[in-house]
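Colleague: Starting off with a structure, shown below.
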Amino acid sequence: MDLNHLKTFVVVAEEAHLTRAAERLFTSQPAVSAQIKALEEALGLSLFDRTPKGMRLTQAGERLLAQAQGILAAAGDMLSEAKALKGAVMGDLKLGVNSDCGFLQIPGLMAALREHHPNVHLTIENSMSPDILNDIRKGQLDGGFFFGDGNTLDLQVVPLADVPSAILAPVAWADRFEHASQDDLCGLPWIYSSERCPFIQIVEAMFGERAEDLTKVVYVNNEDAMREFVRSGNGIAFLRADDADRAVDEGWGVRWTGVTPPIRLSVATQARRFSEPLIKAWLEQLQALWPQADQGLLAKQSA
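Numbering follows numbering that gives the first Met the number 0, in which position 51 of the sequence shown is assigned residue number 50; successive positions increment by one, without gaps.
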């Protein structure tokens, strides 16, 4: 039985759509259809019902899906064990990043991997924290960084640091902003983001029911845009404290003097892959780069 056919079966089952499955598999829709047909012929069973809305598993398909996933996992474990026996860590490591690479110490990670594991090739994808977690689940990313708690029950998570936060305003607003009350902040224009953003979740927890009354002048989905809108005098934003301090040092921003809670920075990978050589190579380097990380988890992973 062809493992590629099993992988295609699992991806089509997860996506319930041939086009989306083809995109994940970096192939064409006809190729995906042909692989599903070949697997069905080999098994003598129909695995999917084709509907106008997409692909729906048959009863037989539902029963065989878990077995297919188990076979693929076992094959991956066998390949990882073979690589470990050879003593060399190699492969493509695809990581999702949720903030600027300097803050996440990606250049240091790259240098460490190049020194200790020259056969590991690093690819970085910029994304938002919830999307990174979903892409890890789907196998589109090997691992990634994320802020907040997130829905991570099915993932292996290593906390790295509790990152200080701040609310930043244009320097011209210093008199009315620096010592403002929370009620006063509600009346100021806010540079906002999606409710899926962990930073916005903290803002809404801070303000409680009053969060609905915040004046949201623009929605953006990256930190660079937030900083630029504050710099140009359009509103205030909730950011990492080091970002706010840099704005103060550069003379265009002012920090609110009130208390803001920190936000947790962590990394995640699929739980079943936690001990793979490629994942271990990545996480081992984090021990030096992030001394505040959960060293107990990292030590367990390295054992």
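Glycine is no exception: its CB is placed at the ideal position from the N, C-alpha and C atoms.
With distance defined between alpha-carbon atoms, name the residue in 99, 110, 119 nearest to residue 277.
Modeller: The shortest Cα separation from residue 277 among 99, 110, 119 belongs to 119.
Colleague: Any idea what DSSP makes of residue 256, helix, strand or coil?
Modeller: Residue state, collapsed to three classes: coil.
Colleague: If you compare alpha carbons, which of 187, 209, 222 is closest to residue 173?
Modeller: When only C-alpha atoms are compared, the closest one is 187.
Colleague: Tell me which residue opens and which closes the alpha helix (DSSP H) that residue 106 is part of.
Modeller: Counting along the chain, the alpha helix (DSSP H) containing residue 106 begins and ends at 105–115.
Colleague: Could you tell me which of 79, 182, 200 sits nearest to residue 164, measuring between CA atoms?
Modeller: Residue 164 has its Cα closest to that of 200, out of 79, 182, 200.
Colleague: When you compare only the Cα positions, how much space is there between residue 94 and residue 121?
Modeller: Going by the C-alpha atoms only, they are around 8 Å apart.
Colleague: Shortest alpha-carbon distance to residue 198 belongs to which of 10, 259, 182?
Modeller: Selected option, being the one with the closest Cα: 259.
Colleague: What is the DSSP secondary structure of residue 88, reduced to helix, strand or coil?
Modeller: Looking at residue 88 - three-state DSSP - the assignment turns out to be coil, as it is neither helix nor strand.
Colleague: Three or more C-beta pairs closer than 8 Å, one from the region 236–247 and one from the region 155–171: is that the case here?
Modeller: Result yes; three or more Cβ-Cβ pairs closer than 8 Å.
Colleague: Using 10 angstroms around the beta-carbon of residue 41, count the other beta-carbons present and answer buried if the total reaches 16, otherwise exposed.
Modeller: So residue 41 counts as exposed.
Colleague: How about residue 280: is its C-beta nearer than 7 Å to some C-beta of chain B?
Modeller: In the structure shown, chain B cannot be found, because there is only a single protein chain.
Colleague: If you measure between the beta carbons of residue 230 and residue 255, is that distance less than 7 Å?
Modeller: Result no, Cβ atoms of residue 230 and residue 255 do not sit closer than 7 Å.
Colleague: Going by the CB atoms, is the gap between residue 67 and residue 9 shorter than 7 Å?
Modeller: Yes, these two residues count as a Cβ contact at 7 Å.
Colleague: Measuring CB atoms only, is the region 130–141 touching the region 257–272, in the sense that at least three cross pairs come out at less than 8 Å?
Modeller: Touching, yes.
Colleague: Give me the residue from 111, 148, 113, 123 with the minimum Cα distance to residue 129.
Modeller: Comparing Cα positions, the closest option is 148.
Colleague: Could you give the residue range of the beta strand (DSSP E) that holds residue 124?
Modeller: Per DSSP, residue 124 belongs to the beta strand (DSSP E) from 119–125.
Colleague: Which of the three DSSP states, helix, strand or coil, is assigned to residue 129?
Modeller: DSSP places residue 129 in helix when its eight states are reduced to three.
Colleague: Looking only at DSSP bridge pairs, what is residue 161 linked to?
Modeller: In the DSSP output, where bridge partners are listed per residue, residue 161 has 263.
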